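Colleague:
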Amino acid sequence: MIADLPETAKLDAALALGERVVACYRHILDTAMTDVPICNPALKIAATGFRTYRGRAFGIVTTPWFMNLVGVDLPEGAPGAPAAIGTILGLPAGNVEFIGGELDAIGRVDSCALLSPVFEFATMEAALEIAEEAARAYFDPATLEPTPAPAAVVNRRDLLRGRFQRCEEPSG
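Add 62 to a position in the sequence shown, counting from 1, and you land on the number used in this note's numbering.
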């Protein structure tokens, strides 16, 4: 539908930005992270679930040394406020703590560490499955556990009128 074109364009911009982030991390893997012992040799660099939210691109980046939720300014969008250590950003599933950083050719990248190091993954497929689930979880409010109901309050008037649930001990 024509009405969906702006959202599709935003989605494409977020996906393209995710691929640019992947290219930056591939360069880091090929240079600074070569033969670093915290790297899982079974993993590669991947971007998962990149989407536009509040004018920024968010998604999961998987590398041989970490899996992070990242937020990146879209090239055509207004830059967001820089994240400091412990900056809380509101996402559909709740508030998430990010730290700010910089990537060459990208600029500011806010990151929330999900896993580091990532030795628990035997295959890239297993890592991508978790990344896809994480991307869904952060952007689907239904994934949150329901808030527990508040404890029943018994006021004095109800107590005197017998309007409370009795906890009787079993007779023996």
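Yeah, the Cβ is synthetic: ideal placement off N, Cα and C, and Gly gets one too.
Every value quoted in this text rests on a predicted model; they were computed, and no experiment measured them.
Please state the DSSP three-state secondary structure of Ile107.
Modeller: To locate residue 107, count along the sequence shown from 1; it is residue 45. Coil.
Colleague: Can you tell me where the alpha helix (DSSP H) with Ile122 in it begins and where it stops?
Modeller: As a working note, residue 122 is residue 60 in the sequence shown. Looking at the DSSP string, Ile122 is not in any alpha helix (DSSP H); the run it does join, the beta strand (DSSP E), is 118-124.
Colleague: Could you give the DSSP three-state label for Ile161: helix, strand or coil?
Modeller: By 1-based counting over the sequence shown, the position of residue 161 is 99. Strand at Ile161.
Colleague: Measuring alpha carbon to alpha carbon, tell me which residue in Met186, Gly152, Val132 is nearest Gly163.
Modeller: Position 101 of the sequence shown, counted from the first residue, corresponds to residue 163. Answer by Cα proximity: Val132.
Colleague: Starting from Val180, follow its DSSP beta bridges and name the residues at the other end.
Modeller: Working through the sequence shown from its first residue, we reach residue 180 at position 118. Note: Val180 sits in no beta bridge, so no partner.
Colleague: Would you kindly work out how many angstroms separate the C-alpha atoms of Gly139 and Ala75, rounded to a whole number?
Modeller: Position 77 of the sequence shown, counted from the first residue, corresponds to residue 139. Position 13 of the sequence shown, counted from the first residue, corresponds to residue 75. For Gly139 and Ala75, the distance between alpha carbons rounds to 10 Å.
Colleague: Examine the Cβ distances between the segment 111-122 and the segment 190-198 and report whether three or more of them are shorter than 8 Å.
Modeller: yes
Colleague: Would Asp66 be called buried (16 or more neighbouring beta carbons within 10 Å of its own) or exposed?
Modeller: For the purposes of this step, residue 66 is taken as residue 4 along the sequence shown, with counting starting at 1. For Asp66, the pLDDT reaches just 39, beneath the cut-off of 50, and the residue's location in the model is therefore unreliable, although a value from the coordinates is still provided. In the assembly as shown, Asp66 is an exposed residue. Its beta-carbon has fewer than 16 other beta-carbons within 10 Å.
Colleague: Which of the three DSSP states is assigned to Met186 in this structure?
Modeller: Stepping through the sequence shown from its first residue, residue 186 is reached at position 124. If DSSP states are grouped into helix, strand and coil, Met186 belongs with the helices.
Colleague: Indicate whether Ala25 and Ala184 have their beta-carbon atoms separated by less than 8 Å.
Modeller: Residue 25 is absent from the structure shown; the chain starts at 63 and stops at 234.
Colleague: Would you report the Cα separation of Met63 and Tyr115, rounded to the nearest angstrom?
Modeller: For this step, residue 63 is matched to residue 1 along the sequence shown. For this step, residue 115 is matched to residue 53 along the sequence shown. Only weak support exists for where Met63 lies, its pLDDT of 33 falling under 50; the coordinates are left without a value.
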